[in-house]
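Position 188 (the sequence shown) corresponds to 187 in numbering that gives the first Met the number 0; numbering is contiguous.
Following: one structure in structure tokens, then a few remarks.
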Amino acid sequence: MSRSSRIPGFYKRSLKDRSHVVGEWANLTADEINVLNGLSGLNAEHAEHMIENAIGVYALPLGIATNFLVNGKDYLIPMVVEEPSVVAAVSNAARLFRAGGGFITSSDEPVMIGQIQVLDVKDVNAAADTVLAHKTELMAEADKVGGSIVRHGGGARDIQVRTIPESSVGPMLIVHLLYDTRDAMGANAINTAVEHLAPQVESLTSGRVNLRILSNLTDQRKARAEGMIPAQELASDSLSGEEAVRSIVEAGVFAEVDPYRATTHNKGIMNGIDAIVIATGNDWRAIESGAHAYAARNGQYTSLSKWWQDSDGNLRGSIELPLALGTVGGATKVHPAAGLALKILGTQSARELSEIAASVGLAQNLAAIKALATEGIQRGHMRMHARQLAVAAGASGDLVGRVVQMMVKEGNIRLERAKTLVLELTSGSVYNPAAGAD
Ligand code: MEV
Numbered sequence: 000m001s002r003s004s005r006i007p008g009f010y011k012r013s014l015k016d017r018s019h020v021v022g023e024w025a026n027l028t029a030d031e032i033n034v035l036n037g038l039s040g041l042n043a044e045h046a047e048h049m050i051e052n053a054i055g056v057y058a059l060p061l062g063i064a065t066n067f068l069v070n071g072k073d074y075l076i077p078m079v080v081e082e083p084s085v086v087a088a089v090s091n092a093a094r095l096f097r098a099g100g101g102f103i104t105s106s107d108e109p110v111m112i113g114q115i116q117v118l119d120v121k122d123v124n125a126a127a128d129t130v131l132a133h134k135t136e137l138m139a140e141a142d143k144v145g146g147s148i149v150r151h152g153g154g155a156r157d158i159q160v161r162t163i164p165e166s167s168v169g170p171m172l173i174v175h176l177l178y179d180t181r182d183a184m185g186a187n188a189i190n191t192a193v194e195h196l197a198p199q200v201e202s203l204t205s206g207r208v209n210l211r212i213l214s215n216l217t218d219q220r221k222a223r224a225e226g227m228i229p230a231q232e233l234a235s236d237s238l239s240g241e242e243a244v245r246s247i248v249e250a251g252v253f254a255e256v257d258p259y260r261a262t263t264h265n266k267g268i269m270n271g272i273d274a275i276v277i278a279t280g281n282d283w284r285a286i287e288s289g290a291h292a293y294a295a296r297n298g299q300y301t302s303l304s305k306w307w308q309d310s311d312g313n314l315r316g317s318i319e320l321p322l323a324l325g326t327v328g329g330a331t332k333v334h335p336a337a338g339l340a341l342k343i344l345g346t347q348s349a350r351e352l353s354e355i356a357a358s359v360g361l362a363q364n365l366a367a368i369k370a371l372a373t374e375g376i377q378r379g380h381m382r383m384h385a386r387q388l389a390v391a392a393g394a395s396g397d398l399v400g401r402v403v404q405m406m407v408k409e410g411n412i413r414l415e416r417a418k419t420l421v422l423e424l425t426s427g428s429v430y431n432p433a434a435g436a437d
């Protein structure tokens with residue numbers, strides 16, 4: 000069945016209608032839709048089995064980004080995020096990329112790195128050579144504890160060594176186990192493997208092993224996305240397409256050369272990536288730390304994306320970052336909504352998920368720098384902010400839009416004003432329900 004994630008007016012529909020559309024998209028049952036709507040799903044009992052000292056659950060909004068076309072396939076993107084504008088902005092940006100043919104992506108094999116820290120070694124270089132000389136045995140040993148990951152074709156891929164000749168605790172040999180964890184994020188598998196290898200590494204090096212743990216700098220497991228936006232798609236009343244392309248490229252280069260800007264630029268990228276990472280039950284702290292370490296890999300913190308004008312005058316962007324995401328194990332299976340997020344995405348492949356996430360990051364980045372390099376972001380943000388204030392002031396239903404409209408028109412977007420308007424409008428003096436929602 001060919002279907003399109005381009006759903007014009009999706010945002011204008013009711014929440015119930017939207018979940019119905021997504022339900023049809025992903026063949027969800029009524030019970031599954033109830034999970035998405037927050038009527039069932041993660042409860043205190045699940046929480047009790049997930050963490051210690053649980054006292055309840057903490058909900059966040061789940062939205063759907065539309066318009067994504069990745070490698071010719073349409074996706075609806077589940078996003079869990081508390082920040083207004085993120086979902087709307089990424090959907091708009093995905094529509095622009097769609098006009099240029101959508102995203103083209105690639106990713107590495109799902110190889111994680113496990114580290115073994117070896118101390119008290121007389122000669123770190125000689126010890127490193129010995130470890131390398133026993134690579135095959137060490138890899139075979141690591142595979143013995145690989146369980147279902149090895150049965151699914153994963154397991155040890157390499158042993159590498161790094162030496163730190165001097166440190167405040169003496170010379171250090173660091174042994175890396177490279178381990179393919181297939182569709183799992185793989186933290187448990189890699190930690191089990193390095194713990195298992197430690198005694199053998201000690202006897203080979205005559206040293207003392209201290210830490211045995213994965214690295215979140217998963218630079219063997221990167222995902223990439225690239226896309227084009229025709230210049231005319233960026234034209235507005237105030238800027239030609241060509242001017243918009245130039246301003247966006249200038250914004251991108253700003254982040255390449257200045258760490259202060261790169262940090263905010265990458266934060267915008269992670270707005271999108273974290274939202275899909277959380278929705279699918281993955282570890283967003285792992286993804287965050289890996290992304291920022293990768294952004295600083297050459298000694299200066301820089302942008303995770305690149306923007307340039309191509310020879311036809313169109314805008315092109317690309318992104319590359321480590322994305323160790325899983326579709327099996329961990330919260331992906333325990334959290335009822337996480338499984339449904341994967342069902343909406345229509346994938347059980349960790350690599351496909353990482354490539355979608357990279358595309359979402361690139362789209363989110365475009366949305367931010369396009370707004371910043373053209374009209375600025377405050378106009379749209381203030382409208383969403385006004386909605387939150389209206390709700391906080393007690394408005395519901397049609398009244399929210401009416402309060403927002405008045406505050407935006409007055410240029411007075413404050414809680415006090417929202418409260419006054421709610422009072423005035425509900426007392427009948429100004430409220431006109433026929434005006435409809437915003
Ligand atoms: C806000 O959450 C994210 C932005 O600051 C990102 C950026 O500046 O590129 C808009």
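Glycine included, every Cβ here is placed at the ideal spot set by N, Cα and C.
All values derive from a computational prediction rather than experimental measurement.
Counting only runs of 4+ residues, the alpha helix (DSSP H) found wholly inside the region 234-272 occupies 240-256, in chain order.
When the five nearest sequence neighbours on each side are left out, no beta carbon in the same chain lies closer than 7 Å to the beta carbon of Asn411. Excluding five sequence positions before and after Val149, the CB atoms of its chain that fall closer than 7 Å to its own CB belong to Asp142, given in chain order. Relative to the non-hydrogen atoms of the ligand MEV, the Cβ of Val130 never comes closer than 8 Å to any of them. In this structure, His151 places its C-beta atom within 9 Å of the C-beta atom of Asp182.
With a 10 Å radius around the Cβ and a threshold of 16 neighbouring Cβ atoms, Asp282 comes out buried. Put simply, the region 270-282 touches the region 353-365. At least three CB pairs are less than 8 Å apart. Inclusion of Ala132 and Ala155 in the CB contact set at 9 Å is not warranted, their separation being larger than that value. Counting other Cβ atoms within 10 Å of its Cβ, Glu351 reaches 16 or more and is therefore classed as buried.
In the DSSP assignment, Lys11 falls outside any alpha helix (DSSP H) and carries neither an H nor an E.
About 6 Å separates the Cβ atoms of Glu31 and Leu339, confirming a contact at the 8 Å cut-off. Met406 is not a Cβ neighbour of Leu424, given a cutoff of 9 Å.
Burial state of Pro7 is exposed, judged by a 10 Å Cβ sphere holding fewer than 16 other Cβ atoms.
Taking each of Gly280, Glu165, Ile368 and Leu213 in turn and checking the Cα distance to Lys266, the smallest one comes out for Ile368. Taken atom to atom, the span from the alpha-carbon of Glu165 to that of Ala278 is near 43 Å. In this structure, the beta-carbon distance from Thr65 to Ser4 falls below 9 Å.
Of the residues Lys305, Gly71, Lys221 and Asn190, the one whose Cα lies closest to the Cα of Val144 is Asn190. Out of Leu344, Leu41 and Leu61, the CA that lies nearest to the CA of Ile54 is found in Leu41. Counting C-beta pairs with one atom in each stretch, the region 301-319 and the region 201-214 have fewer than three that are closer than 8 Å, which means they do not touch. Looking at the backbone, the Cα of Pro170 and that of Gln114 are separated by about 16 Å.
Checking the 8 Å criterion, the Cβ of Asn270 is within range of a heavy atom belonging to the ligand MEV. Bounds of the beta strand (DSSP E) holding Ile228 are Lys221 to Ile228.
For Asn33, the closest alpha carbon among the candidates Leu14, Ala186 and Met49 is that of Leu14.
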